[in-house]
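Quick note: numbering that gives the first Met the number 0 has the sequence shown finishing at residue 221, numbered continuously throughout.
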Amino acid sequence: MEIDIVKGIGSEKSYLLHTRKGYILVDIGWPSTAKKILENYQNIYLIVITHRHYDHHGAAEYVKSETGAKIAAFDSPSKKTGEIPFLPATLVTLGINWIKQGCFIPGIEDLQIKIKLKSVDILLKENDYVDEEKQWIVLSTPGHTSDSICLYNQKDKILFSGDTLVSLLGKPKWTPLITDKEALEKSKKKIERLNIKLVYPGHGEPFRLDTIQRNCLFNSIS
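Structure follows, in structure tokens:
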């Protein structure tokens, strides 16, 4: 399974999945990141949004206009409203961490970022596949937002976790930005049941989910 990683201007990541049909782009926040991707990848046919926060979808409509790719996102109430939890202390901490890592240097083009996702071509549901080979299945994992999803590849034991699982300063953690604690606990239990070897998070570097990491993450489940 070929997966290309593109770093954003913050800690966020975009991913490109190689398929027989072309590329599936998972999350695209900033226009400067999108331009970098379009310089190297022409055959993008699908853009999958893990949740409706602008740092994950802000340049999706731009990529669609340049490639003709369809935009896919989960079908939930937040498709209309969006949900950005107001947690200033946490946001400041995340911003400081980005600066420490030398991240977050926006360009002029990034002023064109779209705060709301207005156009969705495909409304995803639980257990849908996003690829024709039926390798990547959609898992609803609310908690960070009500429309948060993960993509899971059972054969290769890979999880695209969006912001449900992130890597902050090299440490795997559950999202610190929570809109529904009860929903997040259910999402954690759903992920715990999966056989996962490698996680590609929405923020931070990919990490292997070995026994020690699993114990640290899942022993905290209530």
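Glycine included, every Cβ here is placed at the ideal spot set by N, Cα and C.
For the alpha helix (DSSP H) holding Thr-214, just list the boundary residues, first then last.
-> According to the sequence as given, residue 214 is Asn; it is not Thr. Taken as a continuous stretch (DSSP letters only), the alpha helix (DSSP H) holding Asn-214 covers 210 to 217.
Can you say whether Lys-115 is buried or exposed, counting buried as having 16 or more other CB atoms within 10 angstroms of its CB?
-> exposed
Residues that Pro-171 bridges to, as DSSP identifies them = Ser-166
Which term fits Cys-215, buried or exposed, when burial requires 16 or more other beta carbons within 10 angstroms of its beta carbon?
-> exposed
Use the C-beta contact count for Arg-51: other C-beta atoms within 10 angstroms, 16 or more gives buried, fewer gives exposed.
-> buried
With a 10 Å radius around its C-beta and 16 neighbouring C-beta atoms as the bar for buried, classify Lys-63 as buried or exposed.
-> buried
Could you please give me the residues that DSSP links to Tyr-44 through a beta bridge?
-> Beta-bridge pairing links Tyr-44 to no other residue.
Could you give the distance in angstroms between the alpha-carbon of Pro-65 and the alpha-carbon of Leu-158?
-> The identity of residue 65 in the sequence shown is Glu, whereas the question assumes Pro. Each residue's alpha carbon lies about 28 angstroms from the other.
Pick out whichever of Leu-150, Lys-34 and Met-0 has its Cα sitting closest to the Cα of Lys-6.
-> Lys-34
Quick one: residues in its chain with C-beta nearer than 8 angstroms to the C-beta of Ile-112, no 5 flanking neighbours on either side, listed in chain order?
-> Gly-28, Trp-29, Pro-30, Tyr-53, Gly-57 and Ala-58
Whole-angstrom C-beta distance between Pro-200 and Ser-166, which should lie under 8 angstroms | 5 angstroms
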